[in-house]
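In what follows, a single structure is set out as structure tokens and then discussed.
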Amino acid sequence: MSRTTVFRSRHAACLALLVSGAVVAAGCGRANAGRLGEAGDAAERVYVAPGKYDEFYAFLSGGFDGQVGVYGLPSGRLLKHVPVFSQSAENGWGYSEQTKAMMNTSYGFVPWDDAHHPQLSQTAGVPDGRWLFINGNNTPRIARLDLIRFETEEILELPNSAGNHSSPFLTENSEYVVAGGRFSVPAPQRDVSIDDYKNAFSGMLTFAKVDSATGHMAIAFQIRMPAFDYDLSHAGKGPSHGWSFFTSYNSEEGNTKLEVNASQKDKDYIAAINWKQAEQCVAQGKAKMEPARYAHNVIGEDGIARTDWGSSVKVLAPADCPGLVYFLPTPKSPHGVDVDPSGEFIVAGGKLAALIPVHSFSKMQKAIADKAFAGEDHGIPVLKYEATIAGEVQNPGLGPLHTEFDGKGNAYTSMFLSSEIVKWSLKDFKVLDRAPTYYSIGHLMIPGGATRHPYGRYVLAMNKITKDRYLPTGPELTQSAQLYDISGDRMKLLLDFPTIGEPHYAQALPASMIKDRQLKMYNLATNQDPYVAKNERLTRVERKGSVVHVLMTSVRSHFMPDKIEGIQVGDSVYFHVTNLEQDWDVPHGFAVLGANNAELLIMPGQTRTLVWVPSRVGVYPFYCTDFCSALHQEMQGYIRVSAKGSAVAVKWNSPSYHEAEEHEAVEAAEHETK
Ligand code: K7E
Ligand code: CUA
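Convert by adding 16 to the 1-based position in the sequence shown; the result is the number in my numbering.
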């Protein structure tokens, strides 16, 4: 028995424990020491010397933290945590007046979501370095981040949907961002018995058009599908461009105890959607306009988020559009569906299957032409398994989930149950190599590994369990990613690194594509915020009834004004803070004692607004939260709060104060003479 074999059997024992849910015996993790024999060599390959840059930006979803983590590869260093669906107290995202509207949905203000699948915008099937899209799973939404500012710019709610999991997958030229719901629901929503599932519930797939100039999304049409669970998706590429593939499970249409009820059938389906056909049918008026209320939140040119409310969507029924949908039988309760770089192979990950089914796009085309149907399901033609299958990877391991490609004719599939990555050949579907992961890998990611031209080099495993891999931290242990070198014939584990939230999927692009295009600051001169103060002379305090606007500036190392009086208990005080800096990486922060809100973190040239309703009298300090200069600790001020109806006049200490006083005096005099 070779050392590797010994290790593998020990590893299998560890897995048995994991699968059965038993406590993992200490030592399971340490077993990999054998494989990491050349630790020094591995360390060298991920070592990015101080002052040097990583080769790739990797964007990891935060899962239940609702955000995107940006990491450098190969070092695994965390570079930024970009807030998306969840409010972020770190910088006031979703708390500041300018960003609150990004959380608007038809259900009201929803400051959290579960984000799974980052997708880089593409041109000709490869990343173009413009945008990153990501799904909100729980309250169906798709967000778009721009890669110049590393900020979320847009969030589109998807009506008629629930569990937005097979989302957001882009077509080859980012024509559409495509989404499907894991949960079927009544669409439109209404009060019906859950026992009426088969009649009253629908699956819904959404195709949102992406404006090629601005990136703005708009729902083009939805497709009403049988009430299955649509789990994952990928668009075709090259010859299969024009098609999108969705896995579905629960074709049994169970509505309770899915663990058993959705695992009855030997095969579920991949739904192959011909979206070019859909476009034609929509153009021919075959889609029905249905009422649907949904939020579309966009950050405007002025840096302020606004919500447009959608009121209807076009819904297409497969029965009204022949050739729109075909079902490809696929074993068994499939999860991932991935299309190889050539666009010919459609690989499914049947969680409960003992093999990896690989469908052929050209065979699928022929099967459609030959009408090689095994029957129909809900009126949708079901193609014969033998007619579309190109091959099966035999004995790949247990629990295949997701597959990525290295561009050299190889596929890499994550095996959740047997905790390993399996490398296999697209030529003969034979297993070439396997490497253990620690433990229970979900997605894996090769830079560019879902595109027409993978960059290869590394595969990143994103794991669900890390028992005994890191210093323990109470009941919850860190989430983890693992980086493997795939430049040779055998995979080689290089690095474990902890991640924030629960990363599901990730995508990566070469750093050189975007690193020199980063926005360094907002241009103060073109700041269009209605409450901007572009210099200190323009700062002021204005009372309008019980609303007080404080137009404030910050610059190293003071606020203007920094002494304010005449505020009353119960006032709504709007601190509009403009950062006057025009230098890279000089944000200022703003926080005030007792504010029921997060701080503001204001980028150079930007204005951010915090609302504060003081509840009791006193004198309240405010200060800069970001250590910005040697005199950062001096960057503070006071605001006096008097009783409601107090005679203390509004007063502040910026250059504008006397002018305002004179102005008021003149106005008062004019008023009297009238
Ligand atoms: Cu497999 Cu949400 Cu893509 Cu997690 S999903 S692993
Ligand atoms: Cu500004 Cu610290």
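Here a beta-carbon is modelled for each residue, glycine too, at the ideal position from N, C-alpha and C.
Since we're looking at a predicted model, the values are computed, not measured.
Three-state secondary structure (DSSP) at Leu-540? Taken through DSSP and simplified to helix, strand or coil, Leu-540 comes out as helix.
Does the ligand K7E have a heavy atom nearer than 7 Å to the CB of Tyr-428? No, the ligand K7E has no heavy atom inside 7 Å of this Cβ.
If we require 4 or more residues per run, which alpha helix (DSSP H) segments fall completely within the region 170 to 256? Runs of alpha helix (DSSP H) with 4 or more residues, each lying fully within the region 170 to 256, are found at 213 to 216, listed in chain order.
Given that a residue counts as buried once 16 or more other Cβ atoms are within 10 Å of its Cβ, and exposed if not, what is Phe-125? Residue burial is scored here from C-beta neighbours: Phe-125 has fewer than 16 other C-beta atoms within 10 angstroms and is therefore classed as exposed.
Applying the criterion that 16 or more other CB atoms from any shown protein chain within 10 Å of the CB defines a buried residue, is Gln-238 buried or exposed? With 16 or more other Cβ atoms within 10 Å, it is buried.
Under the criterion of a Cβ to heavy atom distance below 7 Å, does Ser-496 qualify as lining the ligand CUA? Checking the Cβ of Ser-496 against the ligand CUA gives no.
Could you check whether Asn-271 and Tyr-213 sit closer than 8 Å to each other, using their CB atoms as the reference points? In terms of Cβ geometry, Tyr-213 and Asn-271 form a close pair [threshold 8 Å].
Once you ignore the five residues that flank Asp-144 on each side, which residues in its own chain have a CB closer than 7 Å to its CB? Closer than 7 Å at Cβ, skipping near neighbours: Ser-137, Gln-138.
Pick helix, strand or coil for Tyr-87, following the three-state DSSP scheme. Tyr-87: strand per DSSP, three-state reduction.
Nearest by alpha-carbon distance to Ala-58: which of Thr-625, Leu-499, Pro-357, Arg-559 is it? Restricting attention to Thr-625, Leu-499, Pro-357, Arg-559, the CA atom closest to the CA of Ala-58 is found in Leu-499.
Rounded separation between Ser-672 and Phe-575 - CA only: So the two alpha carbons sit approximately 14 Å from each other.
Could you tell me if the beta carbon of Met-651 falls within a distance shorter than 7 Å of some heavy atom in the ligand CUA? Yes - the ligand CUA has a heavy atom lying nearer than 7 Å to the Cβ of Met-651.
Buried versus exposed call for Gln-544 [16 or more other C-beta atoms within 10 Å across all chains shown]: By the 10 Å Cβ count, Gln-544 comes out exposed.
Cβ of His-133 within 8 Å of Cβ of His-520? His-133 is a Cβ neighbour of His-520, given a cutoff of 8 Å.
What is the DSSP secondary structure of Thr-272, counted as helix, strand or coil? Three-state result, Thr-272: coil.
How many Å lie between Val-193 and Glu-268 at the Cα? If you take the alpha carbons of Val-193 and Glu-268, they lie about 28 Å apart.
Using the rule of at least 16 other Cβ atoms within 10 Å of the residue's Cβ for burial, across every protein chain shown, is Phe-262 buried or exposed? Note on Phe-262: 16 or more other CB atoms within 10 angstroms of its CB, so buried under the neighbour-count rule.
Name the DSSP bridge partner or partners of Ile-437? Beta-bridge pairing links Ile-437 to Ser-430, Ala-451.
Would you kindly report the start and end of the unbroken alpha helix (DSSP H) that includes Ala-383? Residues 377 to 385.
One question on the structure: do Ser-658 and Val-629 come within less than 8 Å of each other, judged by their Cβ atoms? Not in contact: Ser-658 and Val-629 (Cβ atoms no closer than 8 Å).
DSSP three-state label for Lys-443, please. Coil, per DSSP.
With respect to 7 Å, is the separation between the Cβ of Gly-458 and the closest non-hydrogen atom of the ligand K7E below this value? In this structure, the ligand K7E has a non-hydrogen atom nearer than 7 Å to the beta-carbon of Gly-458.
Pairwise C-alpha distance: Ala-105 and Glu-615: If I take the Cα positions, the gap works out to 7 Å.
Euclidean distance between Cα positions of Leu-525 and Lys-446: Separation of Leu-525 and Lys-446 (C-alpha to C-alpha, rounded to the nearest whole angstrom) is 29 Å.
To which residues of the same chain is Thr-467 closer than 8 Å at the C-beta, ignoring the five residues directly before and after it? Contacts found: Gln-138, Gly-141, Val-142, Pro-143, Lys-253, Pro-357.
Leu-248 beta carbon near the ligand K7E (any heavy atom closer than 7 Å): Indeed, a heavy atom of the ligand K7E lies less than 7 Å from the Cβ.
Beta-carbon proximity of Val-298 to Lys-330, cut-off 8 Å: Going by C-beta atoms, Val-298 is nearer than 8 Å to Lys-330.
By alpha-carbon positions, which one of Leu-95, Glu-60, Tyr-73, Pro-603 ends up nearest to Pro-463? It is Tyr-73.
Inter-stretch contact (C-beta, 8 Å, three-pair minimum) for the region 285 to 297 and the region 82 to 102: Remark: fewer than three beta-carbon pairs, one from each stretch, lie closer than 8 Å, so the region 285 to 297 and the region 82 to 102 are not flagged as touching.
Using a 10 Å radius around the Cβ and a threshold of 16 neighbouring Cβ atoms, would you call Ala-49 buried or exposed? Low confidence applies to Ala-49: its pLDDT is 43, below 50, so where it sits in the model is not reliable, and the reading given next is rough at best. Answer is exposed; the Cβ neighbour count stays below 16.
His-312 - partner residues in DSSP beta bridges: Answer is Leu-172, Asp-324.
Inter-residue spacing [alpha-carbon to alpha-carbon] between Ser-11 and Leu-535: Outside the modelled stretch of the chain, which goes from 17 to 690, sits residue 11, for which no answer is possible.
Inter-residue Cα distance where the pair is Pro-307 and Met-233: Looking at the two C-alpha atoms, the distance is approximately 19 Å.
Looking at C-alpha atoms only, which residue of Asp-599, Thr-346, Asp-578, Arg-165 is the closest neighbour of Val-608? Looking at the Cα atoms, Asp-578 is the closest of the given residues.
Considering only the beta carbon of each residue, do Thr-346 and Tyr-285 sit closer than 8 Å? It is a contact, given that the beta carbons lie within the stated cut-off.
Just to confirm, are Leu-399 and Leu-340 a CB contact at a threshold of 8 Å? No.
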